[in-house]
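Q: Could you have a look at this structure, given as structure tokens, before my questions?
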């Protein structure tokens, strides 16, 4: 190989990552503006080359029928490829599929496996769902202490459903010492962080019912703790 050809070959190889990055950026831009057909065109070759984020995008697009016909089998295929490379959102989606039996046979042990992988990366929805499987004894022996451990990790990052479950644990004294102040605080935060009116009202009702069992000083302390609460980042 001549020196010129060698330099040309090296230059072409060096350009591949830049071209791939440009294609990815075009895919994201197209997806964000709702041009899913264009996004699919950009993401597909990248996903086939092993790009973890492009694989996750394809999973989402097949899952919701964006730019392609809805196909849960294809969605699971691409989620799995991304999950096996460590993408925590894809791991969560696989856990959800196995827990619900959506396009795969229901298998709580597999749900635990994938939720745990995502949870250990600090992903709050996976931490919350793993806590739920521990609480219900699905896919593993029932263990309320482990359930509370994972609820707490998600709750500390602002997950309203985990905050509600933690409030319930403290109100009931389930695997933690009964503590109405802590329970009120978590119910308060769950209501504040709820995504919809129903969830907000539901948590708020529990908070208000609990207040009837507390002294004014206890309620004031719980409200102070809630106001001063700050979310933690992912571990």
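Residue numbers (my numbering): 9 to 243. We treat Cβ as the ideally placed atom computed from N, Cα and C, and that holds for glycine. Please read all numbers here as calculations on a predicted model, not as lab measurements.
For residue 95, is the classification buried or exposed, using 16 other Cβ atoms within 10 angstroms of its Cβ as the cut-off for buried?
A: Under this definition residue 95 is a buried residue.
Q: What number of angstroms, rounded off, separates the C-alpha of residue 5 from the C-alpha of residue 159?
A: Lying outside 9 to 243, the shown extent of the chain, residue 5 is not represented and no answer is given.
Q: Which value, in whole angstroms, describes the spacing of the CA atoms of residue 102 and residue 188?
A: Between residue 102 and residue 188, the C-alpha separation is close to 36 Å.
Q: Measuring only the C-alpha atoms, how far is residue 64 from residue 35?
A: One C-alpha to the other measures close to 12 Å.
Q: Cβ of residue 31 within 8 Å of Cβ of residue 66?
A: Contact flag unset, no.
Q: Output yes or no for whether 8 Å exceeds the beta carbon distance between residue 123 and residue 146.
A: The answer is no: Cβ separation not under 8 Å.
Q: Looking at the secondary structure, which residues open and close the alpha helix (DSSP H) in which residue 187 lies?
A: Segment: none, residue 187 is in no alpha helix (DSSP H) and carries neither H nor E.
Q: How long is the line joining the alpha carbons of residue 113 and residue 41, rounded to whole angstroms?
A: If you take the alpha carbons of residue 113 and residue 41, they lie about 35 Å apart.
Q: Taking Cβ positions, are residue 139 and residue 119 nearer each other than 8 Å?
A: Not a contact, by the Cβ cut-off of 8 Å.
Q: If you reduce the DSSP assignment to three classes, tell me which class residue 150 lands in.
A: Residue state, collapsed to three classes: coil.
Q: If distances are taken between C-alpha atoms only, which option among 214, 183, 209, 74 comes closest to residue 193?
A: Ranking the options by Cα distance to residue 193, first place goes to 214.
Q: For residue 165, decide whether its Cβ has a neighbour in chain C, counting only Cβ atoms nearer than 8 Å.
A: In summary, chain C is missing from the structure at hand, where a single protein chain is found.
Q: Are residue 224 and residue 170 closer than 8 Å when you measure CB to CB?
A: No, the Cβ-Cβ distance between residue 224 and residue 170 is not below 8 Å.
Q: Take residue 107 as the anchor and find which of 81, 134, 83, 85 has the nearest alpha-carbon.
A: Of the listed residues, the one whose Cα sits closest to residue 107 is 134.
Q: State the Cα-Cα distance for the pair residue 186 and residue 97, rounded to the nearest angstrom.
A: Straight-line Cα distance between these residues: approximately 34 Å.
Q: Taking just the CA atoms, how far does residue 130 sit from residue 121?
A: Each residue's alpha carbon lies about 15 Å from the other.
Q: Apart from the five residues just before and just after residue 240, which ones in its own chain have a Cβ nearer than 7 Å to its Cβ?
A: Answer for residue 240: 164, 165, listed in chain order.
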